[in-house]
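Q: Take a look at the following structure, please.
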Ligand code: PAN
Ligand code: ZN
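Quick look at the structure:
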């Protein structure tokens with residue numbers, strides 16, 4: 457009888473803040489200076505400290521992006537804040553291979569998952585610790601922090617999903633999540 461190899465895990469998740477450690481973990485940050493034309497009030501964005509961190513992402517990428525059959529796993533942290541009346545949020549995207557879905561789940565804070573189909577219908581789901589969100593294929597997705605503490609969420613998506621940011625950069629979402637009388641309101645922009 458041979459003893460086969462037993463090792464520790466290659467990666468770990470801190471269950472408090474879902475920060476990742478170990479092999480093949482990448483990190484990226486988005487500052488207010490980089491989020492050109494994402495928020496409605498571009499003048500308000502330009503008036504802010506351009507070094508303000510809006511969100512950061514960690515991801516475990518065990519295979520090259522574009523390889524079919526693999527999975528990616530990530531954690532996003534969005535700071536609390538607003539640009540004008542609009543909450544800090546991610547850029548948002550469709551997947552490049554638009555028929556690839558994704559899971560998101562809430563870890564900390566209070567958020568809103570804003571979704572848009574290819575006919576530009578927009579709706580939203582509340583995010584909170586333990587909320588689980590299946591994002592179907594062909595659905596653009598973006599998350600806003602509607603609370604006063606950092607919003608943390610996890611994500612898992614196929615390694616060949618890719619990201620199509622240009623559609624959102626050019627045409628945006630068809631609705632905006634604004635603070636009205638202290639509450640988040642999803643407002644049709646038409
Ligand atoms: C997430 C997002 C992450 C940042 O990992 O990439 O939350 O949002 P943006 O990519 O829109 O800036 C995901 O949806 N991956 O597919
Ligand atoms: Zn995605």
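Residue numbers (our numbering): 457 to 646. Even glycine gets a Cβ: it sits at the ideal position worked out from N, Cα and C.
Between which two residues does the beta strand (DSSP E) harbouring residue 591 extend?
A: Mapped onto the chain shown, residue 591 falls at position 135. Taken as a continuous stretch (DSSP letters only), the beta strand (DSSP E) holding residue 591 covers 588–591.
Q: Are the CB atoms of residue 633 and residue 596 within a distance shorter than 9 Å?
A: Position 140 of the chain shown, counting from 1, holds the residue named residue 596. Position 177 of the chain shown, counting from 1, holds the residue named residue 633. Going by C-beta atoms, residue 596 is not nearer than 9 Å to residue 633.
Q: Tell me which same chain residues have a C-beta within less than 8 Å of the C-beta of residue 630, skipping the five on either side of it?
A: Within the chain shown, the letter at position 174 stands for residue 630. Cβ within range, chain order: 572, 576, 577, 578, 644, 645, 646.
Q: So, for residue 495: in the same chain, excluding its five sequence neighbours on each side, which residues have a beta-carbon less than 6 Å away from its beta-carbon?
A: Here residue 495 corresponds to residue number 39 of the chain shown, with the count starting at 1. These residues qualify, in order along the chain: 501, 539, 542.
Q: Give me the Cα-Cα distance between residue 489 and residue 546, rounded to the nearest whole angstrom.
A: Numbered from 1 along the chain shown, position 33 holds the residue referred to as residue 489. Numbered from 1 along the chain shown, position 90 holds the residue referred to as residue 546. Their Cα atoms are separated by approximately 13 Å.
Q: Please classify residue 523: is it buried, with 16 or more other beta-carbons within 10 angstroms of its beta-carbon, or exposed?
A: Here residue 523 is taken as the residue at index 67 of the chain shown, counted from 1. Under this definition residue 523 is an exposed residue.
Q: Can you check which of these residues, 593, 476, 532, 600, is closest to residue 518 by C-alpha distance?
A: Translated into positions along the chain shown, residue 518 becomes position 62. Comparing Cα positions, the closest option is 476.
Q: So is residue 560 buried or exposed if we call it buried at 16+ other beta carbons inside 10 Å?
A: As a position in the chain shown, residue 560 is number 104, starting the count at 1. Classification for residue 560: buried.
Q: Quick one: does the C-beta of residue 425 sit closer than 8 Å to a heavy atom of ligand 1?
A: Lying outside 457 to 646, the shown extent of the chain, residue 425 is not represented and no answer is given.
Q: Leaving out five residues on either side along the sequence, give the residues of the same chain with a beta carbon under 6 Å from the beta carbon of residue 641.
A: For the purposes of this step, residue 641 is taken as residue 185 along the chain shown, with counting starting at 1. Contacts found: 634.
Q: Can you grab the Cα-Cα spacing for the pair residue 532 / residue 499, in whole Å?
A: Numbered from its first residue, the chain shown carries residue 532 at position 76. Numbered from its first residue, the chain shown carries residue 499 at position 43. Rounded to whole angstroms, residue 532 to residue 499 spans 26 Å at the Cα level.
Q: Based on Cα-Cα distance, which residue from 554, 567, 493 lies nearest to residue 613?
A: In the chain shown, the residue the question calls residue 613 occupies position 157. Looking at the Cα atoms, 554 is the closest of the given residues.
Q: Tell me which residue opens and which closes the beta strand (DSSP E) that residue 501 is part of.
A: The residue labelled residue 501 in the question sits at position 45 within the chain shown. Unbroken run through residue 501 is the alpha helix (DSSP H), 498–503; no beta strand (DSSP E).
Q: With a 10 Å radius around its C-beta and 16 neighbouring C-beta atoms as the bar for buried, classify residue 530 as buried or exposed.
A: Stepping through the chain shown from its first residue, residue 530 is reached at position 74. Classification of residue 530: buried, given that the 10 Å Cβ count is 16 or more.
Q: Which residues in the same chain have their Cβ closer than 6 Å to the Cβ of residue 486, if we skip the five residues on either side of it in sequence?
A: Translated into positions along the chain shown, residue 486 becomes position 30. Within the same chain, residue 486 has close Cβ partners 510, 511.
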